[in-house]
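Data block below; observations after.
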Amino acid sequence: MRTLLGVLVVAVCLAPVAAAAPVATVAPGATGANAASTTDSTGTAVTITVSVVDADGNPVGGANVSVTYDGTMQTTETFSNGKAFFDVPDGADVTVDVSADDLALNRPKTLSNVDSETTVNVTMYPAATAVVTVLTPTDQPIEGANVRLRKDGAVLTSASGETAANGTFVAENVEKGNYTVKVTADGYYSTTQSFVVANRAEKTVTVEPGTVTVNFQTVDGHFDDDRPLNANVELYDGNQFVSNISTGESGQRRVSLDVNTNYRVVVKKSGYERETGVVSVGESDSSVTYAMERTPSLSVEAANSQVVTGQTVRVSVTDEYDEAVPNASVRVDGETVASTDANGEALVQVESTGTVDIVATVDDLEASTTVEGVAPSTDPGTTTSDATTTAMTTDAPTTGTTTDAATTPPDDGPGGLPTPGFGSVAALAAVALSVLALARRRD
Numbered sequence: 000m001r002t003l004l005g006v007l008v009v010a011v012c013l014a015p016v017a018a019a020a021p022v023a024t025v026a027p028g029a030t031g032a033n034a035a036s037t038t039d040s041t042g043t044a045v046t047i048t049v050s051v052v053d054a055d056g057n058p059v060g061g062a063n064v065s066v067t068y069d070g071t072m073q074t075t076e077t078f079s080n081g082k083a084f085f086d087v088p089d090g091a092d093v094t095v096d097v098s099a100d101d102l103a104l105n106r107p108k109t110l111s112n113v114d115s116e117t118t119v120n121v122t123m124y125p126a127a128t129a130v131v132t133v134l135t136p137t138d139q140p141i142e143g144a145n146v147r148l149r150k151d152g153a154v155l156t157s158a159s160g161e162t163a164a165n166g167t168f169v170a171e172n173v174e175k176g177n178y179t180v181k182v183t184a185d186g187y188y189s190t191t192q193s194f195v196v197a198n199r200a201e202k203t204v205t206v207e208p209g210t211v212t213v214n215f216q217t218v219d220g221h222f223d224d225d226r227p228l229n230a231n232v233e234l235y236d237g238n239q240f241v242s243n244i245s246t247g248e249s250g251q252r253r254v255s256l257d258v259n260t261n262y263r264v265v266v267k268k269s270g271y272e273r274e275t276g277v278v279s280v281g282e283s284d285s286s287v288t289y290a291m292e293r294t295p296s297l298s299v300e301a302a303n304s305q306v307v308t309g310q311t312v313r314v315s316v317t318d319e320y321d322e323a324v325p326n327a328s329v330r331v332d333g334e335t336v337a338s339t340d341a342n343g344e345a346l347v348q349v350e351s352t353g354t355v356d357i358v359a360t361v362d363d364l365e366a367s368t369t370v371e372g373v374a375p376s377t378d379p380g381t382t383t384s385d386a387t388t389t390a391m392t393t394d395a396p397t398t399g400t401t402t403d404a405a406t407t408p409p410d411d412g413p414g415g416l417p418t419p420g421f422g423s424v425a426a427l428a429a430v431a432l433s434v435l436a437l438a439r440r441r442d
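Residue numbering for the sequence shown is 0 to 442, as defined by numbering that gives the first Met the number 0.
This is how it looks when you write it as structure tokens:
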């Protein structure tokens with residue numbers, strides 16, 4: 000009795016633990032680490048049924064099936080009835096791929112936003128190999144030709160690539176059936192042909208060379224009217240130099256280039272930023288335009304070369320197109336003293352004599368000029384005629400000067416009255432002669 004009671008107590012204690020333990024769900028056919036079951040963080044999952052048959056509709060057992068979603072992969076094998084089962088998170092985007100001995104599947108199946116139980120039907124075909132050889136009209140193999148196989152109108156990613164040095168491209172483990180092959184090679188017109196792939200099928204494709212005309216145009220992109228530029232255009236096929244052309248005063252030049260070829264382009268002009276790009280030449284005439292802009296730069300000018308100390312001088316800052324530069328920082332002898340206004344101008348006060356450095360900066364651009372500081376004249380009747388003071392609103396410098404000669408007032412006669420016809424010296428001479436004549440009479 001005590002033993003039975005002890006067993007009952009242990010069972011009661013272990014019951015909550017057993018109820019709390021999770022139970023893993025393993026889809027039929029899944030084993031070990033490849034168990035085809037998962038749930039999302041909320042525990043919600045939907046079931047995908049993959050049904051695999053051959054070209055005659057017979058189920059394929061033992062096929063390897065994988066499903067991929069959100070960076071996670073599950074794998075398992077089909078039962079003898081050709082089916083496999085997977086639990087995936089609700090709303091997942093899923094890719095299903097299948098492989099089997101002697102059978103091929105050209106393209107995986109894709110499912111978007113799986114939110115309910117879904118069946119994916121997969122038909123596999125006997126595996127075959129396609130060998131495509133690309134030749135010139137003189138039966139020379141072409142290396143690097145692009146080959147694309149299509150079945151049922153769809154490009155096969157796994158059956159596309161480039162030819163080897165012997166001009167061949169081999170696509171293994173593709174579905175048996177009717178295909179089209181499109182071949183494109185640098186300097187040759189593309190061609191598309193049909194053939195049947197069964198077991199091992201070989202197809203030879205001959206392509207024809209050709210050229211088209213490409214019009215290169217170079218303009219100054221700073222202006223709305225696309226002003227033509229005489230620039231040099233360098234063409235490269237890969238790293239191999241092809242040609243160097245000049246667009247001339249019209250800014251245009253027509254060139255004959257190989258069809259279906261990508262050219263690397265470098266456009267140069269002195270004083271302008273270099274432009275680079277790639278021109279993909281097709282099978283018809285075309286045109287390409289390169290808009291260039293001058294190399295960024297600053298210029299600063301002072302309205303006067305000499306400035307009286309304590310006075311100001313107007314400085315103007317312009318860019319590479321001689322256009323006003325607002326908000327440029329202006330420094331004098333290393334100290335920021337002003338910023339340019341909307342017209343690119345600023346007043347700078349000169350505090351010292353001798354050479355004064357004026358520097359303008361915008362971002363990483365800098366330009367400088369110098370003026371000469373001149374001390375004010377110590378002669379109260381004169382000022383230094385070459386030194387000027389400039390107002391912001393005056394286009395020409397305003398110069399204040401005083402003449403060296405004094406202004407002579409008109410001669411006055413006796414009593415301060417003007418003497419008609421005589422200057423002051425003549426009047427004094429007349430008085431002296433009168434005194435002398437009076438003295439002689441007395442004698």
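Note that CB positions come from ideal geometry on N, CA and C, so glycine has one too.
Residue i burial status per 10 Å Cβ neighbour count (16 or more: buried)
{"i": "residue 65", "result": "buried"}
{"i": "residue 195", "result": "exposed"}
{"i": "residue 367", "result": "exposed"}
{"i": "residue 198", "result": "exposed"}
{"i": "residue 153", "result": "exposed"}
{"i": "residue 374", "result": "exposed"}
{"i": "residue 362", "result": "exposed"}
{"i": "residue 320", "result": "exposed"}
{"i": "residue 94", "result": "exposed"}
{"i": "residue 101", "result": "exposed"}
{"i": "residue 313", "result": "buried"}
{"i": "residue 109", "result": "exposed"}
{"i": "residue 372", "result": "buried"}
{"i": "residue 222", "result": "exposed"}
{"i": "residue 81", "result": "buried"}
{"i": "residue 136", "result": "exposed"}
{"i": "residue 55", "result": "exposed"}
{"i": "residue 61", "result": "exposed"}
{"i": "residue 377", "result": "exposed"}
{"i": "residue 86", "result": "buried"}
{"i": "residue 311", "result": "buried"}
Residue i, enclosing beta strand (DSSP E) - first and last residue
{"i": "residue 231", "result": "231-236"}
{"i": "residue 281", "result": "Residue 281 -> no beta strand (DSSP E), and no H or E assigned at all."}
{"i": "residue 325", "result": "Where residue 325 is concerned, there is no enclosing beta strand (DSSP E), given that its DSSP letter is neither H nor E."}
{"i": "residue 206", "result": "Per DSSP, residue 206 belongs to no beta strand (DSSP E) and is neither H nor E."}
{"i": "residue 255", "result": "251-257"}
Residue of the options minimising C-alpha distance to residue i
{"i": "residue 289", "options": "112, 321, 347 and 251", "result": "251"}
{"i": "residue 45", "options": "80, 309 and 92", "result": "92"}
{"i": "residue 105", "options": "119, 80, 113 and 158", "result": "158"}
{"i": "residue 163", "options": "130, 174, 150 and 103", "result": "130"}
{"i": "residue 103", "options": "83, 125, 111 and 95", "result": "125"}
{"i": "residue 128", "options": "74, 188 and 175", "result": "175"}
{"i": "residue 278", "options": "142, 114, 236 and 269", "result": "236"}
{"i": "residue 97", "options": "71, 57, 52 and 88", "result": "52"}
{"i": "residue 298", "options": "318, 284, 286 and 306", "result": "318"}
{"i": "residue 341", "options": "143, 325 and 61", "result": "325"}
{"i": "residue 452", "options": "360, 365 and 370", "result": "Because the chain spans 0 through 442 in this model, residue 452 falls outside it and cannot be assessed."}
{"i": "residue 138", "options": "161, 166, 121 and 358", "result": "166"}
{"i": "residue 260", "options": "77, 186 and 219", "result": "186"}
{"i": "residue 352", "options": "284, 304, 334 and 268", "result": "304"}
Alpha-carbon spacing of residue i relative to residue j, whole angstroms
{"i": "residue 116", "j": "residue 170", "result": "36 angstroms"}
{"i": "residue 134", "j": "residue 254", "result": "27 angstroms"}
{"i": "residue 470", "j": "residue 233", "result": "Residue numbering for the chain in the displayed model covers 0 to 442; residue 470 lies beyond these limits and cannot be assessed."}
{"i": "residue 282", "j": "residue 262", "result": "14 angstroms"}
{"i": "residue 337", "j": "residue 225", "result": "36 angstroms"}
{"i": "residue 190", "j": "residue 322", "result": "54 angstroms"}
{"i": "residue 33", "j": "residue 68", "result": "Confidence at residue 33 is low in this model, with a pLDDT of 40, below 50, so the placement of that residue is unreliable and no value is reported for it."}
{"i": "residue 150", "j": "residue 179", "result": "7 angstroms"}
{"i": "residue 58", "j": "residue 114", "result": "26 angstroms"}
{"i": "residue 309", "j": "residue 345", "result": "16 angstroms"}
{"i": "residue 450", "j": "residue 204", "result": "Absent from the structure is residue 450, since the part of the chain shown begins at 0 and ends at 442."}
{"i": "residue 90", "j": "residue 74", "result": "20 angstroms"}
{"i": "residue 292", "j": "residue 238", "result": "26 angstroms"}
{"i": "residue 270", "j": "residue 348", "result": "34 angstroms"}
{"i": "residue 200", "j": "residue 141", "result": "20 angstroms"}
{"i": "residue 219", "j": "residue 274", "result": "12 angstroms"}
{"i": "residue 83", "j": "residue 123", "result": "15 angstroms"}
{"i": "residue 107", "j": "residue 206", "result": "32 angstroms"}
{"i": "residue 524", "j": "residue 47", "result": "This structure gives no information on residue 524, because the portion of the chain shown stretches from 0 to 442."}
{"i": "residue 202", "j": "residue 99", "result": "26 angstroms"}
{"i": "residue 212", "j": "residue 243", "result": "16 angstroms"}
Supposed contact pair residue j and residue i - C-beta distance, whole angstroms, cut 8 angstroms
{"i": "residue 210", "j": "residue 229", "result": "25 angstroms between Cβ atoms; not a contact."}
{"i": "residue 302", "j": "residue 316", "result": "About 13 angstroms; that fails the 8 angstroms criterion."}
{"i": "residue 264", "j": "residue 276", "result": "5 angstroms"}
{"i": "residue 182", "j": "residue 146", "result": "6 angstroms"}
{"i": "residue 119", "j": "residue 50", "result": "7 angstroms"}
{"i": "residue 231", "j": "residue 268", "result": "7 angstroms"}
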